[in-house]
Amino acid sequence: SRAVSYSLAPLSSELTTAALATGQTNTHVYVGAAGAVKDASRAQNRIAAMSITDAIRDGLSVISFRLDMSAGVIMLELSFPSAVDSVDPTKFTLFSADLSVSYVLTGLNGYTVDMSGPFLILELTHADYIGIRTTITITSA
């Protein structure tokens, strides 16, 4: 049987010189083909460029929202376009700016999935419209 040994000293020296892999926030390094050291910190692939301290979220999530009381809708920007089969309004809670007051939606008149972008538009019921207006102080931007 043949033993193969490899010294990591040259690799460690290269990483230190390049200021790579010196801590958790700059460790984006991997060994590629033929033992070449590659830095993925500027990679187009966000997963490859993530540091060990980054959280990985791979499910559908809300990135931002807009409450339009004139139209009686809430527009949600989703993390990616998705066909939505159903929406549970009780999962949506609105909070006041100081988080002291909250309001949970009770129903929806309907919803629209905008596949041209990752948007979901929730149509408020009259009861929720009144509930939001009377519970939470709304300021316009």
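Here the sequence shown stands for residues 2 to 142, numbered as in the working numbering. Cβ coordinates follow ideal geometry from the N, Cα and C atoms, glycine included.
{"Query": "By alpha-carbon positions, which one of E124, G108, D89 ends up nearest to S71?", "Result": "E124"}
{"Query": "Whose C-beta lies closer than 6 Å to the C-beta of P82 among residues of the same chain, with five residues either side of it excluded?", "Result": "M116, P119"}
{"Query": "Could you tell me which residues DSSP puts in a beta bridge with F120?", "Result": "E78, D115"}
{"Query": "Alpha carbons only, please: which of A98, S87, F93, L121 is nearest the one belonging to I137?", "Result": "A98"}
{"Query": "Under a Cβ-count criterion, where at least 16 other Cβ atoms within 10 Å of its own Cβ denotes burial, should Q45 be classed as buried or exposed?", "Result": "Confidence is the limiting factor: at Q45 the pLDDT is only 48, short of 50, which leaves the residue's position unreliable, though a coordinate-based value still follows. Burial call: exposed."}
{"Query": "Using only alpha-carbon positions, find the residue among S101, I122, T135 that is nearest to T113.", "Result": "I122"}
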